[in-house]
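Student: In the working numbering, the protein residues as written are -11 to 366. Note that the Cβ used here is the ideal one computed from N, Cα and C, for glycine as well.
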């Protein structure tokens, strides 16, 4: 072997030794990193918690309904004529018997004067016929004719008085009147709409409930009303009518509840939510609704349990628990299955957790759950 070949062989062996050394060092580094990752504990997620606790809840049934006037009519002209007077303002409140519209009645009044004169003459003729008949100066047929003529004249007077009365439109009851649909000087015919009149104090709410609810309904049962229009305002009332029949198509029963409406804010046709309160109270296991992670395959919550980390230090761990939910009241939801009273659940921050994730509890800034929440003022 020549000296040159020996030098090349030594160089290659030295290079291989360096490569092997570097590979060994890198392998040791990778192994140590793997070992460190196995023993490393991820930083805990900051969350707030709440206890699952027993609470006494009202049982209620909710439904969407429509407000209906206690009394409501569409006012229209009964006889033809020309509008001579409009005595109301659109949207105003009127009392029973108030004048609303007066039509021209001059022709009928003139006809009435003529008919009254004819009736007076017929009464005189009848009086003479009776005197003559008592003295035998006329035939019975003459007296009969005088009686008929007198009655016809009186009937004509009564007919004209009724026609004149129909020229005046009066409010049939107390209520609020709509926008008028006639103008001064307008010629109207029978059936021409004038306005609508609605009595809104009190006011009805009609809604539907499933037939199964009939076992828990009774007249006089307490009912609450709310609307989107007036936000958090509530009205208390009671069931006044339970329809005697169930609708075949829907298997629902129509319910009517009545509510006081002293300020007239509730108006017929408005959308409303009715809540029928069951007098029987029930106990439920409740948690804040923000604790629940809703999913198509099942709702769940994270409970917080005390454990020890690999170094033996105490730590708090989040454990996912599938739950079955019941009714919701304000910021709370009832849990029918999956939790026990006193268990701690994550009330906010659950969206960033995974099963067995460490957590750090900080309830100082947590949201406050309420049964009847109200928006905070800015």
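Could you check the C-alpha separation between residue 342 and residue 293 for me, to the nearest Å?
Tutor: Taking the chain shown and counting its residues from 1, the one referred to as residue 342 is at position 354. Taking the chain shown and counting its residues from 1, the one referred to as residue 293 is at position 305. Computed Cα separation, rounded: 14 Å.
Student: Output the distance between the C-alpha atoms of residue 216 and residue 260, rounded to the nearest integer angstrom.
Tutor: One-based indexing of the chain shown puts residue 216 at position 228. One-based indexing of the chain shown puts residue 260 at position 272. C-alpha separation (whole angstroms): 7 Å.
Student: Which same chain residues, not among the five before or five after residue 141, have their C-beta less than 6 Å away from its C-beta?
Tutor: Translated into positions along the chain shown, residue 141 becomes position 153. Closer than 6 Å at the Cβ level, and outside the excluded window around residue 141, lie 106, 107, 110.
Student: Is DSSP giving residue 324 helix, strand or coil here?
Tutor: Translated into the one-based positions of the chain shown, residue 324 becomes position 336. DSSP places residue 324 in strand when its eight states are reduced to three.
Student: Can you name the residues that DSSP bridges to residue 317?
Tutor: Numbered from its first residue, the chain shown carries residue 317 at position 329. In the DSSP output, where bridge partners are listed per residue, residue 317 has 320.
Student: Please confirm if the region 191 to 198 is in contact with the region 158 to 174, defined as three or more CB-CB distances below 8 Å between the two stretches.
Tutor: Output reads no: the region 158 to 174 does not touch the region 191 to 198.
Student: Rounding to the nearest angstrom, what Cα-Cα distance links residue -5 and residue 301 in this structure?
Tutor: Here residue -5 is taken as the residue at index 7 of the chain shown, counted from 1. Here residue 301 is taken as the residue at index 313 of the chain shown, counted from 1. Going from the Cα of residue -5 to the Cα of residue 301 covers about 60 Å.
Student: Buried or exposed: which applies to residue 94, given that a residue is buried once 16 or more other Cβ atoms fall within 10 Å of its Cβ?
Tutor: Residue 94 sits at position 106 when you count from the first residue of the chain shown. Exposed, because fewer than 16 other Cβ atoms sit within 10 Å of the Cβ of residue 94.
Student: To test your reading of the DSSP string, which unbroken alpha helix (DSSP H) runs of 4 or more residues are found completely within the region -10 to 45?
Tutor: The region -10 to 45 contains these whole alpha helix (DSSP H) runs: -9 to 27.
Student: Give a yes or no on contact between the region 304 to 324 and the region 269 to 282, applying the rule of three or more CB pairs nearer than 8 Å.
Tutor: Yes, the region 304 to 324 touches the region 269 to 282.
Student: What span of residues does the beta strand (DSSP E) with residue 233 cover, start to end?
Tutor: Position 245 of the chain shown, counting from 1, holds the residue named residue 233. Here the beta strand (DSSP E) through residue 233 covers 223 to 234.
Student: Looking at C-alpha atoms only, which residue of 57, 305, 124, 75 is the closest neighbour of residue 85?
Tutor: Numbered from its first residue, the chain shown carries residue 85 at position 97. Of 57, 305, 124, 75, the residue nearest in Cα terms is 75.
Student: Which one or two residues does DSSP pair with residue 186 in a beta bridge?
Tutor: Here residue 186 corresponds to residue number 198 of the chain shown, with the count starting at 1. Bridge partners of residue 186: 60, 164.
Student: Which first and last residues belong to the beta strand (DSSP E) in which residue 253 is found?
Tutor: By 1-based counting over the chain shown, the position of residue 253 is 265. Unbroken run through residue 253: none, as it is neither H nor E.
Student: Under 8 Å, do residue 191 and residue 87 count as touching if we go by C-beta distance?
Tutor: Within the chain shown, residue 191 is the residue found at index 203, counting from 1. Within the chain shown, residue 87 is the residue found at index 99, counting from 1. No; because the gap between Cβ atoms is not below 8 Å, this pair is not in contact.
Student: Ignore the nearest five residues each way along the sequence and tell me which others in residue 365's own chain have a CB closer than 8 Å to its CB.
Tutor: As a working mapping, residue 365 is identified with position 377 in the chain shown. With a pLDDT of 45 at residue 365, under the threshold of 50, the predicted position of this residue should be treated as unreliable, and no value is reported.
Student: Give the range of the alpha helix (DSSP H) segment to which residue 128 is assigned.
Tutor: Here residue 128 is taken as the residue at index 140 of the chain shown, counted from 1. From DSSP, the alpha helix (DSSP H) with residue 128 extends over 128 to 153.
Student: Under 7 Å: does the beta carbon of residue 332 sit that close to some heavy atom of the ligand ADP?
Tutor: No copy of the ligand ADP appears in this structure; indeed no ligand is present at all.
Student: Which residues in the same chain as residue 178 place their Cβ atom closer than 7 Å to its Cβ, once the five residues preceding and following it in sequence are excluded?
Tutor: Position 190 of the chain shown, counted from the start, is the residue given in the question as residue 178. If we look at residue 178 and ignore the five residues flanking it on each side, its Cβ neighbours are 65, 66, 67, 68.
Student: Which residues in the same chain as residue 329 place their Cβ atom closer than 7 Å to its Cβ, once the five residues preceding and following it in sequence are excluded?
Tutor: In the chain shown, residue 329 corresponds to position 341, counting from 1. Contacts found: 40, 41, 42, 273.
Student: Spatial neighbours of residue 102 within its chain, please: C-beta separation below 6 Å, excluding the five flanking residues on both sides.
Tutor: Mapped onto the chain shown, residue 102 falls at position 114. Same-chain partners within the cutoff: there are none.
Student: Could you say which of 222, 207, 208 lies nearest to residue 214 if we only look at CA atoms?
Tutor: Locating residue 214 in the chain shown gives position 226, where the first residue counts as 1. The shortest C-alpha separation from residue 214 is found at 222.
Student: Within 10 Å of its beta-carbon, does residue 320 have 16 or more other beta-carbons around it, so buried, or fewer, so exposed?
Tutor: For the purposes of this step, residue 320 is identified with residue 332 of the chain shown, where counting begins at 1. With 16 or more other Cβ atoms within 10 Å, it is buried.
Student: Since residue 239 and residue 231 are thought to touch, with beta carbons under 8 Å apart, how far apart are those beta carbons, to the nearest angstrom?
Tutor: Within the chain shown, residue 239 is the residue found at index 251, counting from 1. Within the chain shown, residue 231 is the residue found at index 243, counting from 1. With 8 Å as the limit, residue 239 and residue 231 do not qualify as a contact, their Cβ atoms being about 13 Å apart.
Student: Take the Cβ of residue 14 as the centre, count every other Cβ of all protein chains shown within 10 Å, and call the residue buried at 16 or more, exposed below.
Tutor: Reading the chain shown from its first residue, position 26 is the one you call residue 14. Exposed, because fewer than 16 other Cβ atoms sit within 10 Å of the Cβ of residue 14.
Student: Could you check whether the Cβ of residue 302 sits closer than 8 Å to any Cβ belonging to chain D?
Tutor: Within the model displayed, chain D is absent; a lone protein chain is all it includes.
Student: One question on the structure: do residue 244 and residue 229 come within less than 8 Å of each other, judged by their Cβ atoms?
Tutor: What you label residue 244 is simply residue 256 of the chain shown in a count that begins at 1. What you label residue 229 is simply residue 241 of the chain shown in a count that begins at 1. In this structure, residue 229 lies closer than 8 Å to residue 244 by Cβ.
Student: Applying the 10 Å Cβ sphere with the 16-neighbour rule, what's the burial state of residue 352?
Tutor: Here residue 352 refers to the residue found at position 364 when the chain shown is read from its first residue. It counts as exposed.
Student: So the candidates are 305, 248, 275, 157; which of them puts its Cα closest to the Cα of residue 82?
Tutor: Position 94 of the chain shown holds residue 82. That would be 157, whose Cα lies nearest to the Cα of residue 82.
Student: Quick one: is residue 362 buried, meaning 16 or more other Cβ sit within 10 Å of its Cβ, or exposed?
Tutor: Working through the chain shown from its first residue, we reach residue 362 at position 374. Any reading at residue 362 must be qualified, since the residue scores a pLDDT of 49, below 50, and its modelled position is unreliable; no value is offered.
Student: Tell me residue 240's beta-bridge partners as DSSP assigns them.
Tutor: Residue 240 sits at position 252 when you count from the first residue of the chain shown. Answer is 198, bridged to residue 240.
Student: From residue 345 to residue 276, what does the alpha carbon distance come to, in whole angstroms?
Tutor: Here residue 345 is taken as the residue at index 357 of the chain shown, counted from 1. Here residue 276 is taken as the residue at index 288 of the chain shown, counted from 1. One C-alpha to the other measures close to 21 Å.
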